[in-house]
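J.: Let me give you the structure first, and then I'll get to my questions.
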Amino acid sequence: MASHIEPSAFLVSISQFDFISISELFMSQQNTTKGVLCALGAYFIWGVAPIYFKSIKEVPAEEILTHRIIWSFFFMLLLLTISRHWSYFRQVLKQPKKILVLGVTAVTIASNWLIYIWAVNNGHMLQASLGYFINPLVNVLFGMLFLHERFRRMQWVAVGLALTGVLIQLWQFGSVPIIGLSLAVTFATYGLLRKKLGVDAQTGITFETLWLLPVGIIFLLFFADSPTSDMTMNSWHLNILLIAAGIITTVPLLLFTEAANHLRLSTLGFFQYLGPSIMFLLAVFMYGEVMTQELLITFGFIWVALILFTLDALYTQQKLRRK
Numbered sequence: 001m002a003s004h005i006e007p008s009a010f011l012v013s014i015s016q017f018d019f020i021s022i023s024e025l026f027m028s029q030q031n032t033t034k035g036v037l038c039a040l041g042a043y044f045i046w047g048v049a050p051i052y053f054k055s056i057k058e059v060p061a062e063e064i065l066t067h068r069i070i071w072s073f074f075f076m077l078l079l080l081t082i083s084r085h086w087s088y089f090r091q092v093l094k095q096p097k098k099i100l101v102l103g104v105t106a107v108t109i110a111s112n113w114l115i116y117i118w119a120v121n122n123g124h125m126l127q128a129s130l131g132y133f134i135n136p137l138v139n140v141l142f143g144m145l146f147l148h149e150r151f152r153r154m155q156w157v158a159v160g161l162a163l164t165g166v167l168i169q170l171w172q173f174g175s176v177p178i179i180g181l182s183l184a185v186t187f188a189t190y191g192l193l194r195k196k197l198g199v200d201a202q203t204g205i206t207f208e209t210l211w212l213l214p215v216g217i218i219f220l221l222f223f224a225d226s227p228t229s230d231m232t233m234n235s236w237h238l239n240i241l242l243i244a245a246g247i248i249t250t251v252p253l254l255l256f257t258e259a260a261n262h263l264r265l266s267t268l269g270f271f272q273y274l275g276p277s278i279m280f281l282l283a284v285f286m287y288g289e290v291m292t293q294e295l296l297i298t299f300g301f302i303w304v305a306l307i308l309f310t311l312d313a314l315y316t317q318q319k320l321r322r323k
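Residue numbering for the sequence shown is 1 to 323, as defined by UniProt numbering.
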């Protein structure tokens, strides 16, 4: 017996299919837009963060770091509660090895924060921006050395150009962009350890700030001796700015995490130059830092390297899509 389908049923099924397809497409576009906006927000905040740190430059860098640790910890506790994320925290709590590694990542990211704060408030924003321009190349290098990832030919050229820029500065001018390299290496080390650890951002940074919290409190209570170390003697305006260190840390992290949930990592990677670019422009045009000849040469090599690096990533992405 031949099967018979009513035309009306066929039309209903078609209309349902169209509705679902359009709905899914609309949701996909919404998610992509949300991801792009979150990524822009995260990297924009990271880019303009020097304005915040400059506004409290009368506070020593190590004290700012201490406030960043303390208030970030309390903001993360609030965040874990709001997002109902405590189950993830308890899971990691049962894994001592992961907690110990998070102690190492805590020291690594604290070192990065301290170098960054000191650089910004001591007239070295250009070197700080250089560090975050170099960072993607150091990430690729670390991937080869520690994760056994293979270099593509253009990646070799990009890393070689970056290294050439640093070596020319050393040979011609007898100096090394130590601040930039330190920021790039500490942040890449942090990223590598966190990647291998497999702990989500919220839980990870909560444990990291928990590790650092006792040291921060002890330093602030017993060792910090600047006029701003006693918060009861500070103006309310300064205290609000110090507490805001937690927001400056956690908000871009939240936006970045949300962006990562809605965008391909390859797409997200193209936003990473926004932060150091804004920092570079602020350093030159807002704070009047001088682009010395040695820095200009190093930046030139790094920028060419990043152009090649980005073109290679685009080419590889297109190649994978065709397959």
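Quick reminder that beta carbons are idealized off the backbone N, C-alpha and C, glycines included.
It should be emphasised that the depicted structure is a prediction, and the values quoted were computed from it without experimental measurement.
1. Spatial neighbours of residue 144 within its chain, please: C-beta separation below 6 Å, excluding the five flanking residues on both sides.
2. Below 8 Å on the Cβ atoms is my contact criterion, and I expect residue 305 with residue 158 to pass it. Report the Cβ-Cβ distance as a whole number of Å.
3. Is the Cβ-Cβ distance between residue 110 and residue 179 less than 8 Å?
4. Can you list, in chain order, the residues of its chain with a C-beta nearer than 7 Å to that of residue 80? Leave out the 5 residues immediately preceding and following it.
5. For the region 56 to 71 against the region 224 to 237, are there 3 or more C-beta pairs whose distance is under 8 Å?
6. Looking only at its chain, what residues have a beta carbon closer than 7 Å to the beta carbon of residue 234, apart from the 5 residues adjacent to it on each side?
7. Closer than 8 Å is the cut-off here; do at least three beta carbon pairs connect the region 236 to 254 with the region 64 to 77?
8. If you draw a straight line from the alpha carbon of residue 315 to that of residue 321, how long is it in whole angstroms?
9. Quick one: give me the first and last residue of the alpha helix (DSSP H) that residue 62 is part of.
10. Taking the Cβ atom as the reference point for each residue, do residue 53 and residue 138 lie within a distance shorter than 8 Å?
11. Return helix, strand or coil for residue 226, following the three-state DSSP convention.
12. Considering residue 258, what are the terminal residues of the alpha helix (DSSP H) in which it resides?
13. Enumerate, from N- to C-terminal direction, the unbroken alpha helix (DSSP H) stretches of 4 or more residues contained entirely within the region 146 to 184.
T.: Result, derived from the coordinates:
1. Within the sequence shown, numbered from 1, the residue matching residue 144 stands at position 144. Here residue 144 has 151 as same chain residues with Cβ atoms under 6 Å from its own Cβ, once five neighbours each way along the sequence are excluded.
2. One-based indexing of the sequence shown puts residue 305 at position 305. One-based indexing of the sequence shown puts residue 158 at position 158. Their Cβ separation, rounded to whole angstroms, is 4 Å, which keeps residue 305 and residue 158 in contact under 8 Å.
3. In the sequence shown, residue 110 corresponds to position 110, counting from 1. In the sequence shown, residue 179 corresponds to position 179, counting from 1. Not closer than 8 Å, so no.
4. Numbered from its first residue, the sequence shown carries residue 80 at position 80. If we look at residue 80 and ignore the five residues flanking it on each side, its Cβ neighbours are 86, 89, 202 and 206.
5. By the C-beta criterion, the region 56 to 71 is judged to be in contact with the region 224 to 237, since at least 3 inter-stretch pairs fall below 8 Å.
6. Numbered from 1 along the sequence shown, position 234 holds the residue referred to as residue 234. Correct list, in chain order: 228.
7. The answer is yes - the region 64 to 77 touches the region 236 to 254, with three or more Cβ pairs under 8 Å.
8. In the sequence shown, residue 315 corresponds to position 315, counting from 1. In the sequence shown, residue 321 corresponds to position 321, counting from 1. Roughly 10 Å separates the two Cα atoms.
9. In the sequence shown, the residue the question calls residue 62 occupies position 62. That run of the alpha helix (DSSP H) goes 61 to 82.
10. Locating residue 53 in the sequence shown gives position 53, counting from the first residue. Locating residue 138 in the sequence shown gives position 138, counting from the first residue. Remark: C-beta atoms of residue 53 and residue 138 do not approach each other more closely than 8 Å.
11. Within the sequence shown, the letter at position 226 stands for residue 226. Correct three-state label for residue 226: coil.
12. Working through the sequence shown from its first residue, we reach residue 258 at position 258. In the DSSP assignment, residue 258 falls within the alpha helix (DSSP H) that extends over 245 to 262.
13. You should have 153 to 173.
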